[in-house]
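The next block holds one structure in the form of structure tokens; read it before the comments.
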Amino acid sequence: MAWNVKNPIDYSASGDDIDSFSLKVKNELEVIYELLNRLRTSDAGSGTSVTDAVAYALRVDTSTNPPTIYMRNGQNTGYVAIGKLAENMGLDAASVGGVKTDGFGKLSRGTEADLPSAASSYDVYFATDTKRVYMYLSGSWQVFASLNFGDMENVNSTVVARSEVAASGAGKIPRLDADSGEGQFSITGSAAKIQGYPINTPGLKSDQVLVYNDTTKRWENKDRTSGTVTTDEVANGGAGKVLRTDSNNVAHVDISGTAAKIAGKVVDAAALKENDVLAYDSAKDEFVNRPGVTLNSAGVADISITGNAAKVGGKVFQFTDLQDGQIPVYRESANAFVGENKGTVGVGKALDIVHDGKTVGSYDGNTHVIANVDTYGLRQDTTTYGAGDAVTGKTLPPDKILICSTAGKSGDTEPDLSKAADGSSVTDGTVVWIVRAFETVAGLTEHNANTVAHADIRKAVTDGDAATLASAKSDAQAKASAALTSAESYTNTALNTHNTANGTHADIRKAVTDGDAATLASAKSYADTSRTNAEKNSATAASKLYLKSASTDGGIFTFTRGDGTTQAVTVVADNAAAHNAIYRGKDLTNAWKAGTVSAHIKDGTFHDIFPGDYINMPIVVDGVTIQVKWLIADLDYELYTGDRMLTKHHVDVVPQDVLNVNTRMCATNDTTGGYVASEMWTKTIPKYVGAIQNAFGSGHVLKHKEMLTNAVSASAPAGGGAGWVGSSSGWAWYDVYVNLMNENMVYGHRVWGSGFDTGERTSQLALFRLNPSARIAGYRGNRMDWKWYWLTGVASASRFAGCNNFGDANSRDASYVDGCGGLRPHFLLY
Numbered sequence: 096m097a098w099n100v101k102n103p104i105d106y107s108a109s110g111d112d113i114d115s116f117s118l119k120v121k122n123e124l125e126v127i128y129e130l131l132n133r134l135r136t137s138d139a140g141s142g143t144s145v146t147d148a149v150a151y152a153l154r155v156d157t158s159t160n161p162p163t164i165y166m167r168n169g170q171n172t173g174y175v176a177i178g179k180l181a182e183n184m185g186l187d188a189a190s191v192g193g194v195k196t197d198g199f200g201k202l203s204r205g206t207e208a209d210l211p212s213a214a215s216s217y218d219v220y221f222a223t224d225t226k227r228v229y230m231y232l233s234g235s236w237q238v239f240a241s242l243n244f245g246d247m248e249n250v251n252s253t254v255v256a257r258s259e260v261a262a263s264g265a266g267k268i269p270r271l272d273a274d275s276g277e278g279q280f281s282i283t284g285s286a287a288k289i290q291g292y293p294i295n296t297p298g299l300k301s302d303q304v305l306v307y308n309d310t311t312k313r314w315e316n317k318d319r320t321s322g323t324v325t326t327d328e329v330a331n332g333g334a335g336k337v338l339r340t341d342s343n344n345v346a347h348v349d350i351s352g353t354a355a356k357i358a359g360k361v362v363d364a365a366a367l368k369e370n371d372v373l374a375y376d377s378a379k380d381e382f383v384n385r386p387g388v389t390l391n392s393a394g395v396a397d398i399s400i401t402g403n404a405a406k407v408g409g410k411v412f413q414f415t416d417l418q419d420g421q422i423p424v425y426r427e428s429a430n431a432f433v434g435e436n437k438g439t440v441g442v443g444k445a446l447d448i449v450h451d452g453k454t455v456g457s458y459d460g461n462t463h464v465i466a467n468v469d470t471y472g473l474r475q476d477t478t479t480y481g482a483g484d485a486v487t488g489k490t491l492p493p494d495k496i497l498i499c500s501t502a503g504k505s506g507d508t509e510p511d512l513s514k515a516a517d518g519s520s521v522t523d524g525t526v527v528w529i530v531r532a533f534e535t536v537a538g539l540t541e542h543n544a545n546t547v548a549h550a551d552i553r554k555a556v557t558d559g560d561a562a563t564l565a566s567a568k569s570d571a572q573a574k575a576s577a578a579l580t581s582a583e584s585y586t587n588t589a590l591n592t593h594n595t596a597n598g599t600h601a602d603i604r605k606a607v608t609d610g611d612a613a614t615l616a617s618a619k620s621y622a623d624t625s626r627t628n629a630e631k632n633s634a635t636a637a638s639k640l641y642l643k644s645a646s647t648d649g650g651i652f653t654f655t656r657g658d659g660t661t662q663a664v665t666v667v668a669d670n671a672a673a674h675n676a677i678y679r680g681k682d683l684t685n686a687w688k689a690g691t692v693s694a695h696i697k698d699g700t701f702h703d704i705f706p707g708d709y710i711n712m713p714i715v716v717d718g719v720t721i722q723v724k725w726l727i728a729d730l731d732y733e734l735y736t737g738d739r740m741l742t743k744h745h746v747d748v749v750p751q752d753v754l755n756v757n758t759r760m761c762a763t764n765d766t767t768g769g770y771v772a773s774e775m776w777t778k779t780i781p782k783y784v785g786a787i788q789n790a791f792g793s794g795h796v797l798k799h800k801e802m803l804t805n806a807v808s809a810s811a812p813a814g815g816g817a818g819w820v821g822s823s824s825g826w827a828w829y830d831v832y833v834n835l836m837n838e839n840m841v842y843g844h845r846v847w848g849s850g851f852d853t854g855e856r857t858s859q860l861a862l863f864r865l866n867p868s869a870r871i872a873g874y875r876g877n878r879m880d881w882k883w884y885w886l887t888g889v890a891s892a893s894r895f896a897g898c899n900n901f902g903d904a905n906s907r908d909a910s911y912v913d914g915c916g917g918l919r920p921h922f923l924l925y
């Protein structure tokens, strides 16, 4: 039955008449009474198909015993049973009180005295005066809860009495000390944990002790060698004593067996001898005994060295087959001291210094000698010079000299002479210099100068007296021609007018008068030959007086003389520090293949190796051959670093260009776990390790240690500044063959990363310091195809640092990939 009008009345002019109206009212009243009666009896209908029910309406089903009360659900699709109805809606007689439930039984309350003597199982009674809760079980009431803990003591075996809890004592529940938090009790079974490790002590015996077992990660019971330690058994030293350190925290004890560990390394001291010392053996990774050194009363070590002595100035001694009188001499080629003969000072043993046929000094190996050689010296500060003095300069090109035109005193510092042109004038303090090329000066020495026309040819040079110089040269040529003519005439007349020492004819004049043609021809031929030889020697000597050209290659200057001979002079020391100051850019590919590059790296001289030099060497990655120009970026960059010191000489190598693009750091934008948790380190870098080892040889790619990040604090401020969060918060040493560079190696300092991202790689590579444009990477040989590349720094909780293709320091999302950048690693070559 629907809850709406069943008999609507039509009030229109043509609507219901009196009879129809009365009938409809009568029928509608019956419907209304029926609905009112259903409300009175809470009969809202039954079943799920009721059409006149409303949500949340109540209905009582009296067909069950006891009746069941229902409520219409909120969707108005059916009824939900609330429960069975007893008298007074589930309450028993008012004299008893309580609510009947299907789960516990009857719930009732009252005073302790009103507790019913009998009840049904699981009935619950609340004693309002004693605050106890009872449940009827097995024919009696059982207390199972109370709001007052004191009421629960000794009620039954499930409740602990307060007297059973004590600080100590047999059969007591231990109470911890209020101040120390410690318990004074004994544990006879297996205790829980000590320092987080469980205790397992099966079959305990007298005098056994607890010992931590690192294999089982447990504390276990072990036998002691003797009974309880007494006070008199503990001492600073002595046989059979338990060791106690002295007031300086030093233990006076002898170890006759094998000690446990020192700095985590096992000690294996077998067959000890007097004066033996402990030494760490890296091959065995343990301490072993080695012969020690003792000093005598004079403080001298009385010791013989049959092998190689340690080092002096960081250089080792390499002596083989030593002979009497030999001395140690340092040789850069060997990077070591070697034994060489000194000899006894005596005739023919000293070093004589000769200039212009004159001995100007003699060095006997013991006395300091200064040899004054009259040649072009180096210009000195605040020094008096006279007109005509000639010097060289520190910044003057090697093919030029300075000739003083105005006497005076030089300045405090040398003027910049690097671009001084031939014939130009330079003021230096009160001195005025004329710059001359060696060819100009040396050309005059090839001829005799007209000293009458100009008393001092050098002054003519400094004065730029072109007329005198031209005259002198012309006069010298005329004099030379006249000398030749005169020599020929003299040769012929000499045969007639002079005596000669001739073994076949004692008197030339007689040879002439006798017509001794053979003797005369021999004499003339001898004279002609002497003249020709003199001319050649003069020309040769003159050609060696001037410098024709000069060139430089790294730290080596090569001079070419007028006669075509050359001389190479090394002006830069052969070592890593000196070579790291020079950018060159020479192709070392053939030298690498010949083995000379590797040899000079290993001996530490780095001869003919400079930053910017390169080796062309292809690599194969994922089946694709990549042509790579590998740049020498730095020499000995990682030397002496690492938790195990790196002592092998090496060069740090980087590709000129990006090796690959579309290479991401991580699969998601998440830097958790730092760089070592990245996909770059765990999956990408290992592919390039194999590729580079295959190209250069695994014996030439140096394994070393680098400090890499392994943790990130997502809330820590980042290096990017305000608004940037997420920074590296942990690091550790990791073995490295090939790796990405960090920000310091490229820029000389960190930008986006933190101090953890720096690690041991704290300085800028010499390549980028000497030639900053080298940080801009191209792509596989095309320098104009600019590419960005990743660096190891964590820039935020979601980004890593990089060097942008425009040269600026940048960062990108960890999962970012595109065709404009990716991978530019470095490795150590040796």
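In our numbering, the protein residues as written are 96 to 925.
Cβ atoms here follow ideal geometry from the backbone N, Cα and C, with glycine treated the same way.
Please read all numbers here as calculations on a predicted model, not as lab measurements.
* Asked: Start and end of the alpha helix (DSSP H) containing Gly-873?
  -> Counting from 1 along the sequence shown, the entry for residue 873 is found at position 778. From DSSP, Gly-873 is part of no alpha helix (DSSP H) but of the beta strand (DSSP E) over 872–874.
* From Asn-295 to Lys-800, what distance separates their C-alpha atoms? -> For the purposes of this step, residue 295 is taken as residue 200 along the sequence shown, with counting starting at 1. For the purposes of this step, residue 800 is taken as residue 705 along the sequence shown, with counting starting at 1. Taking the straight line from one Cα to the other gives about 41 Å.
* Decide if the region 910–920 is in contact with the region 748–768; the criterion is three or more beta carbon pairs, one per stretch, under 8 Å apart. => yes
* For Ala-261, three-class secondary structure by DSSP -> Working through the sequence shown from its first residue, we reach residue 261 at position 166. Ala-261: strand per DSSP, three-state reduction.
* Kindly identify the DSSP beta-bridge partner or partners of Val-716. => Translated into positions along the sequence shown, residue 716 becomes position 621. In DSSP, Val-716 forms a bridge with Val-719.
* Asked: Hey, how far is the Cα of Tyr-220 from the Cα of Tyr-229?
  -> Numbered from its first residue, the sequence shown carries residue 220 at position 125. Numbered from its first residue, the sequence shown carries residue 229 at position 134. Going by the C-alpha atoms only, they are around 5 Å apart.
* **Three-state secondary structure (DSSP) of His-745** => Counting from 1 along the sequence shown, the entry for residue 745 is found at position 650. It is coil, neither helix nor strand.
* To do: Report yes or no: do the region 697–712 and the region 666–684 share at least 3 C-beta pairs separated by less than 8 Å?
  => yes
* If you pair each beta-carbon of the region 841–848 with each one of the region 705–718, do three or more pairs fall below 8 Å? -> no
* Asked: Is the beta carbon of Asn-384 sitting closer than 8 Å to the one on Lys-410?
  -> Mapped onto the sequence shown, residue 384 falls at position 289. Mapped onto the sequence shown, residue 410 falls at position 315. For Asn-384 and Lys-410, no; Cβs fall outside 8 Å.
* To do: Could you tell me the boundaries of the beta strand (DSSP E) in which Ser-808 lies?
  => Reading the sequence shown from its first residue, position 713 is the one you call residue 808. Where Ser-808 is concerned, the enclosing beta strand (DSSP E) stretches over 799–812.
* Asked: Going by beta carbon distance, what residues of the same chain come within less than 6 Å of Gly-538, once the five residues before and after it are set aside?
  -> Here the question's residue 538 lines up with position 443 in the sequence shown. For Gly-538, the predicted structure reports a pLDDT of 40, less than 50, and the residue's modelled location is therefore unreliable. A value from the coordinates is still provided. Cβ within range, chain order: n/a, list empty.
* For Asn-900 versus Trp-881, is the C-beta distance shorter than 8 Å? -> Taking the sequence shown and counting its residues from 1, one reaches residue 900 at position 805. Taking the sequence shown and counting its residues from 1, one reaches residue 881 at position 786. The answer is yes: Cβ separation under 8 Å.
* Measure the C-alpha to C-alpha separation of Gly-737 and Gly-680 and round it to an integer number of angstroms. => The count along the sequence shown starts at 1 and reaches residue 737 at position 642. The count along the sequence shown starts at 1 and reaches residue 680 at position 585. Roughly 30 Å between the two C-alpha positions.
* Asked: Looking at the structure shown, is His-844 part of a helix, part of a strand, or coil, going by DSSP?
  -> Here residue 844 refers to the residue found at position 749 when the sequence shown is read from its first residue. Coil at His-844, not helix or strand.
* Asked: Using 8 Å as the threshold, is the region 685–694 in touch with the region 753–767, meaning 3 or more CB pairs across them?
  -> no
* **Segment limits, beta strand (DSSP E) that includes Gln-237** => Reading the sequence shown from its first residue, position 142 is the one you call residue 237. Note, Gln-237: beta strand (DSSP E), 235–241.
* Separation of Ser-203 from Gly-142, as counted between CA atoms -> The count along the sequence shown starts at 1 and reaches residue 142 at position 47. The count along the sequence shown starts at 1 and reaches residue 203 at position 108. Below a pLDDT of 50, predicted positions are generally treated as unreliable, and Gly-142, at 42, falls in that range; the measurement from the model is reported next regardless. Using only the alpha carbons, I get a separation of about 35 Å.
* To do: List the whole-angstrom C-beta distance separating Ala-222 from Leu-210, where the pair is believed to meet the contact cut-off of C-beta under 8 Å.
  => Sequence index remark: in the sequence shown, residue 222 carries index 127 (1-based). Sequence index remark: in the sequence shown, residue 210 carries index 115 (1-based). Confirmed, Cβ separation roughly 7 Å.
* Where do the ends of the beta strand (DSSP E) carrying Tyr-292 lie? -> Counted from its first residue, the sequence shown places residue 292 at position 197. Where Tyr-292 is concerned, the enclosing beta strand (DSSP E) stretches over 292–295.
* Can you give me the start and stop residues for the beta strand (DSSP E) that Leu-202 sits inside? => Indexing the sequence shown from 1 puts residue 202 at position 107. Where Leu-202 is concerned, the enclosing beta strand (DSSP E) stretches over 201–205.
* With DSSP collapsed to three states, give me the class of Tyr-709. => In the sequence shown, residue 709 corresponds to position 614, counting from 1. Three-state DSSP puts Tyr-709 in a strand.
* Under three-state DSSP, which class holds Arg-864? -> One-based indexing of the sequence shown puts residue 864 at position 769. Helix, per DSSP.
* Where Ala-222 falls: helix, strand or coil (DSSP) -> In the sequence shown, residue 222 corresponds to position 127, counting from 1. Ala-222 falls in the strand class under three-state DSSP.
* Report the rounded CA-to-CA distance for Gly-518 versus Phe-863, giving the unit in angstroms. => Within the sequence shown, residue 518 is the residue found at index 423, counting from 1. Within the sequence shown, residue 863 is the residue found at index 768, counting from 1. Those two C-alpha atoms are separated by around 39 Å.
* If you compare alpha carbons, which of Ala-909, Leu-886, Tyr-884, Asp-903 is closest to Arg-894? -> Here residue 894 corresponds to residue number 799 of the sequence shown, with the count starting at 1. Checking every option, the nearest Cα to that of Arg-894 belongs to Ala-909.
* To do: Per DSSP, which residues does Trp-776 bridge with? Please list them.
  => Your numbering for residue 776 matches position 681 in the sequence shown. Partner(s): none; Trp-776 has no beta bridge.
* Asked: Does the region 865–873 come close enough to the region 820–839 that 3 or more CB-CB pairs lie under 8 Å?
  -> no
* Please name the residue, chosen from Gly-718, Thr-653, Ala-728, Glu-125, that lies closest to Tyr-678 on a Cα-to-Cα basis. => Sequence index remark: in the sequence shown, residue 678 carries index 583 (1-based). The shortest C-alpha separation from Tyr-678 is found at Ala-728.
* Whole angstroms is fine: what's the gap from Pro-162's alpha carbon to Ser-117's? => Translated into the one-based positions of the sequence shown, residue 162 becomes position 67. Translated into the one-based positions of the sequence shown, residue 117 becomes position 22. Answer to the nearest angstrom: the Cα atoms are 41 Å apart.
* In this structure, what does DSSP give as the bridge partners for Val-526? -> To locate residue 526, count along the sequence shown from 1; it is residue 431. Paired residue(s): Asp-523.
* Asked: Closest by CA to Val-527, which one among Trp-819, Gln-859, Tyr-480, Ala-790?
  -> Taking the sequence shown and counting its residues from 1, one reaches residue 527 at position 432. That would be Tyr-480, whose Cα lies nearest to the Cα of Val-527.
* To do: Given a cut-off of 8 Å, decide if Arg-270 and Pro-293 are closer than it, judged by their beta-carbon atoms.
  => Reading the sequence shown from its first residue, position 198 is the one you call residue 293. Reading the sequence shown from its first residue, position 175 is the one you call residue 270. No, the pair does not count as a contact, with Cβ atoms beyond the cut-off.
* Rounded straight-line distance, which links the Cα of Thr-653 to that of Pro-510 -> By 1-based counting over the sequence shown, the position of residue 510 is 415. By 1-based counting over the sequence shown, the position of residue 653 is 558. Taking the straight line joining both Cα atoms gives about 25 Å.
* To do: Pull up the CB-CB distance for Asp-476 and Gly-506, whole angstroms please, since I reckon it's below 8 Å.
  => Along the sequence shown, read from residue 1 onward, the residue named residue 476 stands at position 381. Along the sequence shown, read from residue 1 onward, the residue named residue 506 stands at position 411. Sure, about 7 Å apart at Cβ, within 8 Å.
* If we ignore side chains and look at the alpha-carbon of each, how far apart do Gly-110 and Val-100 end up? -> As a first step, residue 110 must be located in the sequence shown, where it is residue number 15. As a first step, residue 100 must be located in the sequence shown, where it is residue number 5. Rounded to the nearest angstrom, the two C-alpha atoms are 17 Å apart.
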